[in-house]
Every structure is written in C-alpha cells, then in structure tokens.
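In the working numbering, the protein residues as written are 9 to 163.
Heads up, the beta-carbon is just placed ideally off N, CA and C, and yes, glycines get one too.
Single-structure report; data block below.
Here's what the structure looks like:
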C-alpha cells in the first residue's frame, strides 16, 4: 500500500515564489550581502591585527613573567589567524547566497536559486557543526573544572 502511495506522487513538484516571497528573499539577499561585506572587512582587520599581535602582546607577556618569551605573542597571532579563518567560511557562504539570490530573482532562474539555497545550506551546516564543536569544548571544560574542584577540595 505504501509503495502505491509513493508511485502516485509526481517526481518533481513545482515551487512558485510569489511577489511577497520574492520581496522577502530580495531584502534578505541585500542584508546578507551587506553583512558579508562587513564580515570580509572584519576578517581583513583581524588578520592585520594578528600580524601586530606578537609585537603588541609580547612585551605585555614579558612584564608578567619577566622573561623574554615570544611564545605568548605568537600564540595570540596564531589565535587571531585561526579565528579569522573560521569566520571566513560562513561569510563566504553568506556572500555567495546573497549574490546568487539577487541574480536568481533578477533572471528568474530556478538553477541559480538552487545554487543560492545550496550556499545557504552550507552556511547553516558550517555554523551548526561549529556550534556542536564549541558545545563539546565547553562540556569538556566543565568536566575538567569539576575534576579540578574535586581535587582541590581533597587537598
């Protein structure tokens, strides 16, 4: 019985975007493009700051431990570069989504709108996976903190 149900459904279903939906998508694409451009600028500033982080944070670290240790400044430089790299991919996906959506609405092209939604899917998937990873890191941090409190209370 189930097989008959699936055999009777059409293989392709048409999705029609009405004027209101097109207006909402156009507005979302404009704001998305704006946010993506701001994101690219912030990534550029972060990378620029990363190059100066070693010289900025290095002397501060030296004052704290009294040793001429460049590792503290280098750590901050690497941290900012990794942060910029993680931030780059969602911004790129957002920019591609926005650009393709504007093109799709202008050209009325189903293929281009599919490419646009593919980039939106990639954006949300990347942010979702990154969120899960950070939740895992937070959970591990909490576990180690509880173990540390337990060991500290036993002393």
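Per-residue DSSP class, three states only, for residue i
i, result
"residue 29", "helix"
"residue 23", "coil"
Cα-Cα separation between residue i and residue j, rounded to whole angstroms
i, j, result
"residue 148", "residue 142", "10 Å"
"residue 51", "residue 26", "36 Å"
"residue 58", "residue 49", "14 Å"
"residue 127", "residue 102", "7 Å"
"residue 125", "residue 105", "7 Å"
"residue 38", "residue 64", "37 Å"
"residue 130", "residue 161", "46 Å"
"residue 120", "residue 145", "38 Å"
"residue 47", "residue 41", "10 Å"
"residue 32", "residue 137", "27 Å"
"residue 158", "residue 23", "58 Å"
Boundaries of the alpha helix (DSSP H) in which residue i is found, first to last residue
i, result
"residue 138", "118–162"
Residue i vs residue j beta-carbon contact at 8 Å
i, j, result
"residue 61", "residue 88", "yes"
"residue 30", "residue 113", "yes"
"residue 134", "residue 84", "no"
"residue 123", "residue 108", "yes"
"residue 99", "residue 36", "no"
"residue 92", "residue 139", "no"
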